[in-house]
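Following: one structure in structure tokens, then a few remarks.
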Amino acid sequence: MLTERWNCFASGFSAKPETVRAMFAVIESSYGSANRYYHTMGHVQQCLAQLDEASGEVNNREAVEMALWLHDIIYIPESSCNEELSSAIGFCYGLELSGSYPFAIEVRQLIQATAHGSGDCKSAGDKAVVQDIDLSILGADSFSFACYETAIRKEYACVPDDVYRKGRIQVLQGFLMRSQIYQTQFFLSRYEAQARENISTLIDSLTGSC
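Per my numbering, the sequence shown starts with residue 665, numbered consecutively.
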């Protein structure tokens with residue numbers, strides 16, 4: 665299914681078929697790494713599904729979709745460089761696929777926006793949409809959110825429980841301290857309330873297990 669989606673997406677550009685196939689092979693291999701449990705092709709698929717639903721909120725659909733394909737192509741738990749490294753690949757692939765520097769630069773900037781720093785975000789336009797899509801799992805139903813958290817913990821399996829709990833609580837509290845988790849009205853109205861409920865429940869659980 666995702667192979668067809670990628671081929672359909674790439675057909676809108678002038679890249680050679682062998683280039684398109686080679687890119688997808690790297691994408692599939694990267695997201696299929698053995699140490700990944702959440703940041704997999706399943707996450708990409710979920711992001712693309714969110715994009716389809718929010719298509720009316722997007723200005724540059726091609727750049728946003730390219731960014732979503734590649735935003736976690738590099739993922740090393742505990743690393744602070746994942747988005748920067750992924751954005752570099754996004755730039756190279758965006759340029760190779762489109763032949764356009766402005767397009768490649770936009771893809772790079774959209775991927776960089778998924779770093780989700782602490783405090784209120786001030787992004788707008790397509791950056792805000794990409795950020796909201798990436799965080800949409802926070803507002804999922806309670807079962808899906810629990811599966812997400814289990815998968816994240818598996819990705820940090822090398823981290824001791826007490827260290828993980830402390831760091832995870834800090835990250836989650838950062839989201840709750842924002843005036844709003846989602847920046848676009850589309851995602852705010854759909855997921856904000858559930859996201860806050862999910863996060864609060866998880867913090868209580870993690871705090872209780874300390």
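Glycine is no exception: its CB is placed at the ideal position from the N, C-alpha and C atoms.
Quick caveat: nothing in here was measured; it's all calculated off a predicted structure.
Taking the Cβ atoms as the reference, residue 795 lies roughly 20 Å from residue 768, outside the contact range of under 8 Å.
Counting C-beta pairs with one atom in each stretch, the region 746–761 and the region 682–691 have three or more that are closer than 8 Å, which means they touch. Across the structure, residue 858 and residue 799 are spaced so that their CA atoms are roughly 12 Å apart.
Spanning the alpha carbons of residue 805 and residue 669 requires a straight line of approximately 26 Å. Residue 838 carries a helical assignment under DSSP once its states are collapsed to helix, strand and coil. When the beta-carbon positions are compared, residue 701 and residue 819 come within less than 8 Å of each other. Here DSSP, grouped into helix, strand and coil, assigns residue 665 to coil.
DSSP places residue 675 in the coil class of the three-state scheme, outside both helix and strand. Rounded to whole angstroms, the separation of the alpha carbons of residue 780 and residue 744 is 11 Å. Distance from the CA atom of residue 851 to the CA atom of residue 720, rounded to whole angstroms, is 12 Å. DSSP assignment within the region 724–803 yields the following whole alpha helix (DSSP H) runs of 4 residues or more, N-terminal first: 725–734, 746–762, 765–776, 789–798.
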